[in-house]
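Q: Below is the structure I would like to discuss, written out as structure tokens.
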Amino acid sequence: MPNYRHEVYWQTTEAAEPQDALTGDVDCDVAVVGAGFTGMWTAYSLKKARPELSVHLLDAGLAGGAASGTADGFVTPTLGKDLDQLIRIYGAEAAGKASAIVGRSILEIGRFCRREKVDAEYEANDYLMVALNDGQLARLEHDRQLALKLGSDTKIMDAAEARAYVDSPEIKGAVRVGGALVNPYKLARGLARTLRAAGVAIHERTPVQRVEPAATAGAPHTVVTAAGRVRAPQVVLATSASQYTFAGFQRRVLPMWSYVLISEPLTEEQLGRVHWPGREGLVEAKTFLHCGRFTADNRVMWAGGRAYYYPCSPFDRAHMQNPAIYRELTASFARFFPAWRDVRFEFAYGGVIDITRDMMPHFGTLRPGLHYGYGYCGNGIAATHTGGRILRDLVLGEKTDYSTLALVDAPRPTFPPEPISFAGYQVLSRVYEWKDRRG
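The sequence shown lines up with residues 1 to 439 when you count with full-length UniProt numbering.
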């Protein structure tokens, strides 16, 4: 196997400034478990709405150091798996409302970066959903018909039109979708700095052992750690793929690994070989899709393929080393960009995403004062911003366009127990791979 760096590229672009772990007991208005995007956007939205609130965030690692800071950096309007699934579960009207709100979050993240002077390398350059065969072209048309139900029309470009955006011999057609690209780690760390400046306490390297619900009405819930407790009348659980470790969430989430290759910085000569002037993101129109993009320093990211589930050791960093997926990603990149066959990949790593049974994110209130948000299925950068608004309004008890979305307090289907879930994952993976090969 090539001599890859098995570390997250994004996390090499900015030095961390670790905050103190929790020591002792604390009382506050709101405790948020998880300092990823969901938890931090919740805290940010709360402080904007009610600056007087005391808010404490707790994270087992660094703020933005897990799924949020490992993401591919695509800021898309997708909720969960795809629009098809969203409409199937909630209907066209509710799906349209939710999609529109997540679309606003794409713009709001850009405004946040400008307003708070966060250099997250935000680029509002959209992305291309590309088809590589007739079956995928049919899928683009299917998605176009779904968009029409929501009052939005899109144009399917033919091969020549699509290749004017990015010149790959593999592309047979494409649709341009509104979106942006960011450096997710810089966004997360900038958000954390903004929160601290606003008076939010962030306790890093503070694993939460459990949440003890209030014993009586009006009493605070208690967030228990090894070094202290945080008591708050309002608690938000926002721990992504770790959500299943808390009471009330068992078998609601499967932690799955998705993998990434990132090249060395391309030379001017290498950049000139492929016509890609707008630097749009690329996403294949299939289930186990590949996606590609540039970084700010002109590296190329190529990610995706099959997702991996390790039921016995879901968070073991040894899973960073996966020669099979890295070979598959290298081969698919060479097919897509034959002019870049000599490009060397420097970084190879994986990250854990939170998969739900219905492939949709879920938000709601488990019991009075205990709220949750999770399940972005790999499409979370914009949706977590929306989730922060939802959870703000649930904490404040306000009925708004956010708190009344169909995603809120929706049924949360469970996965079957092991080893049935693992067997089901294996079968479905083979089915999806077969469908993807057929187009």
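Ideal placement from N, C-alpha and C gives every residue a C-beta, glycine not left out. For clarity, every value in this text was computed on a predicted model and none was experimentally measured.
1. Look at the Cβ atom of Thr76, then the Cβ atom of Asn379, and state whether they are nearer than 9 Å.
2. Based on Cα-Cα distance, which residue from Arg193, Pro207, Ala201, Arg231 lies nearest to Ala215?
3. So, does the region 306 to 322 touch the region 332 to 339, judging by three or more C-beta pairs under 8 Å?
4. Am I right that Pro18 and Leu62 are in contact with their C-beta atoms under 8 Å? What's the rounded C-beta distance?
5. Count Cβ pairs between the region 278 to 295 and the region 361 to 378 that sit closer than 8 Å; are there 3 or more?
6. In terms of residues, what are the limits of the alpha helix (DSSP H) holding Met40?
7. According to the Cβ coordinates, are Val408 and Leu46 closer than 9 Å?
8. Going by CA-CA distance only, name the one from Ile390, Lys48, Ile355 that's closest to Gln250.
9. In terms of DSSP beta bridges, what is Leu394 paired with?
10. Mind checking who Gly281 pairs with in its DSSP beta bridge?
11. Cβ of Gly179 within 9 Å of Cβ of Ala383?
12. Around the Cβ of Asp59, are there at least 16 other Cβ atoms within 10 angstroms (buried) or fewer (exposed)?
13. Excluding five sequence neighbours on each side, which residues of the same chain lie with their C-beta closer than 7 Å to the C-beta of Gly388?
14. Residues in the same chain with beta-carbon distance under 8 Å from Ala49, minus the five sequence neighbours each way, listed in chain order, please.
15. Please name the residue or residues paired with Pro255 in a DSSP beta bridge.
16. Taking the beta strand (DSSP E) that Asp158 belongs to, which residues open and close that run?
17. Taking only three categories from DSSP, how would you classify Met359?
18. Exposed or buried, what is Val427 when buried is set at 16 or more other beta-carbons lying within 10 Å of its beta-carbon?
19. Below 8 Å, how does it come out for the region 126 to 140 and the region 161 to 177: are there three or more Cβ pairs, yes or no?
20. Is Gln136 buried or exposed, if buried means 16 or more other CB atoms sit within 10 Å of its CB?
A: Reading off the structure:
1. By one-based count along the sequence shown, residue 76 stands at place 76. By one-based count along the sequence shown, residue 379 stands at place 379. The answer is yes: Cβ separation under 9 Å.
2. Counted from its first residue, the sequence shown places residue 215 at position 215. Minimum Cα-Cα distance from Ala215 among the listed residues Arg193, Pro207, Ala201, Arg231 corresponds to Arg231.
3. Segment contact: the region 306 to 322 against the region 332 to 339, fewer than three CB-CB distances shorter than 8 Å; contact not assigned.
4. Counting from 1 along the sequence shown, the entry for residue 18 is found at position 18. Counting from 1 along the sequence shown, the entry for residue 62 is found at position 62. Pro18 to Leu62, Cβ: 6 Å. Contact.
5. Counting Cβ pairs under 8 Å, fewer than three are found: no touch.
6. Within the sequence shown, numbered from 1, the residue matching residue 40 stands at position 40. Element bounds for Met40: 37 to 49.
7. Locating residue 408 in the sequence shown gives position 408, where the first residue counts as 1. Locating residue 46 in the sequence shown gives position 46, where the first residue counts as 1. Going by C-beta atoms, Val408 is not nearer than 9 Å to Leu46.
8. Position 250 of the sequence shown, counting from 1, holds the residue named residue 250. For Gln250, the closest of Ile390, Lys48, Ile355 by C-alpha to C-alpha distance is Ile355.
9. As a first step, residue 394 is located in the sequence shown; it is residue number 394 there, counting from the start. DSSP output for Leu394 lists no bridge partner at all.
10. Position 281 of the sequence shown holds residue 281. DSSP lists Tyr127 as the beta-bridge partner residues of Gly281.
11. Along the sequence shown, read from residue 1 onward, the residue named residue 179 stands at position 179. Along the sequence shown, read from residue 1 onward, the residue named residue 383 stands at position 383. No; because the gap between Cβ atoms is not below 9 Å, this pair is not in contact.
12. Taking the sequence shown and counting its residues from 1, the one referred to as residue 59 is at position 59. By the beta-carbon neighbour count (other beta carbons within 10 angstroms, threshold 16), Asp59 is buried.
13. If you number the sequence shown from 1, residue 388 lands on position 388. Excluding sequence neighbours, Gly388 sits near Thr38, Trp41, Thr42, Tyr44, Ser45.
14. In the sequence shown, the residue the question calls residue 49 occupies position 49. The beta carbon of Ala49 lies closer than 8 Å to those of Arg392, Leu396 in the same chain, with the five residues before and after it left out.
15. For the purposes of this step, residue 255 is taken as residue 255 along the sequence shown, with counting starting at 1. Bridge partners of Pro255: Asp354.
16. As a working mapping, residue 158 is identified with position 158 in the sequence shown. Residue range 156 to 158 is occupied by the beta strand (DSSP E) that includes Asp158.
17. Indexing the sequence shown from 1 puts residue 359 at position 359. Of the three classes helix, strand and coil, the one that applies to Met359 here is coil, per DSSP.
18. Residue mapping note: residue 427 aligns to position 427 of the sequence shown, counting from 1. So Val427 counts as exposed.
19. When Cβ pairs closer than 8 Å are counted between the two stretches, the region 126 to 140 is seen to touch the region 161 to 177, the count reaching three or more.
20. As a working mapping, residue 136 is identified with position 136 in the sequence shown. Result: buried.
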